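Mapping the sequence shown onto our numbering, position 82 (from 1) lands on 85, and the numbers just tick up by one. To keep things clear, I will list the structure first and then write my remarks on it.
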Amino acid sequence: MILRSFHSIKHLANISSLSIQMSAKKVCIVGSGNWGSAIAKLVGFNAERLPEKFQRDVNMWVFEEEVNGRKLTDIINTDHENVKYLPGKTLPKNLIAIPDITDAAAEADILIFVLPHQFIKRACARLVGKLKPGAVGLSLVKGFAILPGGGIKLISDLISEEMGIP
């Protein structure tokens, strides 16, 4: 009986550990241009319909700029449209535009990089040492990095090296 109770406690601990590992993941979109906004539309839609896999709200880092006298983040958060880079397309209400990259990425389990390749190093530099332990990156960046001595490097490798994440 004691052995069985110990086994049950051990089993419950394993289930609890599994549920922590399988908890809903927080997603952050790093980039908000045309490609980034299109991806954010899909990710936001899927995060809302799959609550067992993803947290409902999806953060999107938006380089702050003014459009017709309004901040782009305010437009995205109130009108649910990126009028500058993806006009005419409604973005999900669970997509939260944030102008500070470190705030946008805070607590993210998954970072989806969708910005021009020439901005990757600068964006990554601001995030080094500020990510949630265990965070992973996914690069949807077009192109590759040209190495100073010649040759190329995948952007996904550059992100991984710069930030120390898989």
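Ideal Cβ placement from N, Cα and C applies to all residues, glycine included. Fair warning: this is a prediction, and the values are worked out from it, not measured in the lab.
**Message:** Rounded to the nearest angstrom, what separates Asn97 and Arg52 at their Cα positions?
**Reply:** For Asn97 and Arg52, the distance between alpha carbons rounds to 11 Å.
Buried versus exposed call for Asn62 [16 or more other C-beta atoms within 10 Å across all chains shown] = buried
Candidates Phe48, Ser26, Gly132 and Pro90, of which the one nearest Ala109 by Cα: Gly132
Which residues mark the beginning and the end of the beta strand (DSSP E) in which Leu130 is found? That residue, Leu130, is in no beta strand (DSSP E); its alpha helix (DSSP H) goes Ile123 to Leu130.
**Request:** Assign Lys44 to one of two classes, buried (16 or more other C-beta atoms within 10 Å of its C-beta) or exposed (fewer than that).
**Result:** buried
Do Ala100 and Asn80 count as a contact pair if the criterion is CB distance below 8 Å? yes
Quiz item: For the alpha helix (DSSP H) that contains Gly140, what are its first and last residues?
Solution: Where Gly140 is concerned, there is no enclosing alpha helix (DSSP H), although the beta strand (DSSP E) it sits in stretches over Val139 to Ser142.
query: Looking at the structure shown, is Ile149 part of a helix, part of a strand, or coil, going by DSSP?
result: strand
Note down the Cα distance separating Asp77 from Leu150, rounded to an integer number of angstroms.
38 Å
Checking 8 Å against the spacing of the C-beta atoms, do Lys29 and Ala111 come in under that value?
yes
Exercise for review: Return yes when the Cβ of Pro169 is within less than 8 Å of the Cβ of Val139, no when it is not.
Suggested key: yes
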